[in-house]
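Protein chains in written order, with our numbering: chain L, 31 to 370; chain Y, 8 to 129.
The structure is reproduced here in structure tokens:
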């Protein structure tokens, strides 16, 4: 018996040593639900993931209850149907408004959370699509303007008739809060999809970056991919929400200056950066600005990367994406220009 | 002596088989792509993408979406929703890009097969 053990011993030991190389794959947890008028799919890894994702889901639903502009019980609805022009805000809405007004100033109003009277008249939040007449627009445009919103702490004063809508920043902001919450709960690998607003934490469990596809405006194909870690990727495009009336197409990215869909020569703008809220707001702002002004804005800030898809088919990227912007096979013949 | 050697050989053979199994498993285990069809979060059916088919999914609100499968891809060819976002999505052939019809509560996601992207922006 002892002779058997002496012969087998080394072999068994060898097997045991081999098996120490085996490591179980980290547990993947998914959470999928509808909120903020979009389909949300969150993926996180690790033993903390189930409870961490539950907290995130709760926060997103809470934010929706605060911000939904058509929900009669939301805080934003109450602000927009206020009795007096000075209102007390919750700290969360005050934070978001402060962030939004700062971005409005930075983009000279190309992103503006006060453009709602116009957006609502076009029907983009209600589905009741309508093309405002020049007279209607003339009456609505004076109600738009971030400069007429005075925020002091949690006290907001608006001009008569002004209304707020955070549709251009809410998902990005929710993504930032979600990422912060997940990190605080020990999650080091996650990807959050709030519709087309993508937020990532760390890399994939195997250490490789997350591959995010940028959509071809013509259909659901992936035009190109960018590889990211700890960054958000947000696209604003004219194809996302639009309607046709008398043969003319109208999209939802309203130029706050004209009150009409921005006609800047672009079909979409994708922003890549550390903050989902900033990426979200800038994707709208730079769409309104167009390639030239948007490119200039990037040069003045350089704290994000961008992809501009123009109506004429040109693709323009910022230098930080060179080498990280890969056209898919079906689009490999497309021209990609790099901003200086 | 002989019986000891016998057991060592058995162990070695087992080890070899296990190694081969572990090595071949990734190659053998690649299941064909399939699409999961969900209605308001509930899994309705899983559809293999290897043979052409067409079917309609009715939603509790009285709406419907017509789903087509062809050449390993899936699309919504017709729908009763007002904005037709699901129809405009076109053919989808890989996981990472879901087809979503919010008004009708429909979500189509491809599982297995090629995962070329982790998420779709836009």
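We put the beta carbon where it would ideally sit given N, CA and C, even for glycine.
Given the structure is predicted, the values throughout are model-derived calculations rather than measurements.
Asked                                                                                                                                                                                   : Found
May I have the straight-line CA-CA distance separating residue 208(L) from residue 263(L), to the nearest angstrom?                                                                     : 15 Å
Please list the terminal residues of the continuous alpha helix (DSSP H) segment that includes residue 144(L).                                                                          : Neither: residue 144(L) is in no alpha helix (DSSP H) and is coded neither H nor E.
Under a CB-based cut-off of 7 Å, is residue 37(Y) close to chain L?                                                                                                                     : Because residue 37(Y) carries a pLDDT of 45, less than 50, the predicted location of this residue cannot be relied on, and the following value inherits that uncertainty. Answer no: the Cβ-Cβ gap between residue 37(Y) and chain L never drops below 7 Å.
Express the C-alpha separation of residue 96(Y) and residue 55(Y) in angstroms, rounding to a whole number.                                                                             : 20 Å
Taking its Cβ as the centre, do 16 or more other Cβ atoms sit within 10 Å of residue 346(L), making it buried, or is it exposed?                                                        : buried
Let me know the secondary structure DSSP gives residue 278(L) once reduced to three states.                                                                                             : strand
Is any heavy atom of the ligand GTP found at a distance shorter than 6 Å from the C-beta of residue 295(L)?                                                                             : The ligand content of the structure shown is nil, which means the ligand GTP is not present either.
For residue 270(L) and residue 54(L), what's the separation of their Cα atoms in angstroms?                                                                                             : 41 Å
Going along chain L, which residues have a C-beta under 8 Å from residue 11(Y)?                                                                                                         : 33, 34, 37 and 38
Closer than 7 Å, Cβ to Cβ, to anything on chain Y: give me those residues from the stretch 260–275 of chain L, in chain order.                                                          : 263, 264, 265 and 267
Which one of 334(L), 341(L) and 362(L) has the shortest CA to CA distance from residue 351(L)?                                                                                          : 334(L)
So, does the CB of residue 13(L) fall closer than 7 Å to a CB anywhere in chain Y?                                                                                                      : Residue 13(L) is absent from the model: chain L starts at 31 and stops at 370.
Go to residue 331(L), then tell me how far its beta strand (DSSP E) extends in each direction, as first and last residue.                                                               : From DSSP, residue 331(L) is part of no beta strand (DSSP E) but of the alpha helix (DSSP H) over 306–331.
If you reduce the DSSP assignment to three classes, tell me which class residue 240(L) lands in.                                                                                        : strand
Taking the C-alpha atoms as reference points, what is the distance between residue 230(L) and residue 40(L)?                                                                            : 46 Å
Specify the secondary structure class of residue 366(L) as computed by DSSP and reduced to three states.                                                                                : strand
Please report the Cβ distance between residue 70(L) and residue 223(L), rounded to the nearest whole angstrom; I am assuming they are in contact, meaning their Cβ atoms lie under 8 Å. : 7 Å
Does DSSP put residue 79(L) in a helix, in a strand, or in coil?                                                                                                                        : helix
Could you give the residue range of the beta strand (DSSP E) that holds residue 262(L)?                                                                                                 : 262–267
Which residues bound the beta strand (DSSP E) around residue 217(L)?                                                                                                                    : Careful: residue 217(L) lies outside any beta strand (DSSP E) and carries neither H nor E.
Which one of 183(L), 370(L), 279(L) and 355(L) has the shortest CA to CA distance from residue 327(L)?                                                                                  : 370(L)
Residue 127(L) and residue 188(L) look like a contact to me (Cβ under 8 Å); what is the Cβ gap, rounded to whole Å?                                                                     : Rounded, the Cβ-Cβ distance is 10 Å, inconsistent with contact.
What do you reckon, are the CB atoms on residue 73(L) and residue 221(L) nearer than 7 Å?                                                                                               : yes
Does any residue of chain L bring its CB to less than 7 Å from the CB of residue 70(Y)?                                                                                                 : no
Within 7 Å of any Cβ in chain B, is that where the Cβ of residue 341(L) sits?                                                                                                           : Among the protein chains of the structure shown, namely L and Y, there is no chain B.
Secondary structure at residue 228(L), three-state DSSP: helix, strand or coil?                                                                                                         : strand
At 8 Å on the CB atoms, spell out the chain Y contacts of residue 157(L), in chain order.                                                                                               : 89 and 90
My guess is that residue 117(Y) and residue 99(Y) are in contact by the Cβ rule of under 8 Å, so how many angstroms apart are they, rounded?                                            : 7 Å
Does the Cβ of residue 253(L) have 16 or more other Cβ atoms within 10 Å, making it buried, or fewer, making it exposed?                                                                : buried
Under a three-way DSSP split, which group does residue 273(L) fall into?                                                                                                                : strand
Fully enclosed by the stretch 138–211 of chain L, which alpha helix (DSSP H) runs are 4 residues long or longer?                                                                        : 146–152 and 164–170
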